[in-house]
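In the UniProt record's numbering, the protein residues as written are 1 to 269.
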């Protein structure tokens, strides 16, 4: 065993960047000596400190806390900091469990769409009121939609995921529809759980004419016209903007034929 190690050796052994090692020196945790050429040389007393620093940093202990412990160690302070480690580990376990449950839920959502969705069948269904996060904007391209969903997600601190989420959609521009244009939208949204406390819009409960279709969203005109014909034939009245929900889209698959989209048009009988 050597008595001294150069900064490059320490960096490689511990997987700690040179900048971090120099920062530890700057705040007084490490005190390397200099050789005749001015290179930093770390001795045995620095090594045991690095062992502890690596462990504490893996649990995101702040450097101030680490320095306080290294400067004043005792059995009592060691017991205290180990108990703090346990608390942090418990929090991480809880976060992992929550993340796992979220992933299982998203997998279940995808499987439910695959197994239970009726394709190209018009239905009239009663839907309870739905809380959502919505962002208003003029949308004329798929790229606009993707950007706005990301913006909405960031604005609300990642309160919803995108991958495997079959509650993301957009509201049609009724003005554009009246001109025969079916690829222009006025907002993007994400439906939330009914017990969610943070939301900025509630979609009214009521009857909706619905239809699910597969394939590219550029084909939605054909399906929208089919829905409107059904509404007209049954003397229903459209009472709000139609919406489109992207149950499976480009985020889940690169195979366009696997896309599943649901049209929902709110009506009165």
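All C-beta atoms, glycine included, are put in the ideal place defined by N, C-alpha and C.
Predicted model, so just to flag it, every value in this text is computed and none were measured.
Alpha carbon of residue i to alpha carbon of residue j, nearest angstrom
i	j	result
residue 257	residue 218	12 angstroms
residue 201	residue 139	19 angstroms
residue 95	residue 82	20 angstroms
residue 192	residue 23	44 angstroms
residue 108	residue 99	14 angstroms
residue 133	residue 14	45 angstroms
residue 106	residue 162	10 angstroms
residue 207	residue 228	15 angstroms
residue 58	residue 89	10 angstroms
residue 164	residue 114	12 angstroms
Selected residue, minimal CA-CA separation from residue i, among the options
i	options	result
residue 233	179, 78 and 122	122
residue 84	55, 198 and 112	55
residue 21	35, 51, 36 and 252	51
residue 187	179, 174, 178 and 62	174
residue 146	39, 126 and 169	169
residue 2	8, 230 and 42	42
residue 37	74, 259, 6 and 26	6
Counterpart residues of residue i in DSSP-defined beta bridges
i	result
residue 203	130
residue 169	189 and 245
residue 34	40
residue 267	207 and 238
residue 51	DSSP lists no partner for residue 51.
residue 124	209
residue 261	213 and 246
residue 6	41
Coil, strand or helix - residue i by DSSP
i	result
residue 176	helix
residue 94	helix
residue 212	strand
residue 74	coil
residue 14	helix
residue 42	strand
residue 156	coil
residue 113	helix
residue 88	helix
residue 27	coil
residue 59	coil
Exposure of residue i, with buried meaning 16 or more beta-carbon neighbours within 10 Å
i	result
residue 249	buried
residue 243	buried
residue 222	exposed
8 angstroms Cβ cutoff, residue i in contact with chain B
i	result
residue 211	The structure shown contains no chain B; it is built from a single protein chain.
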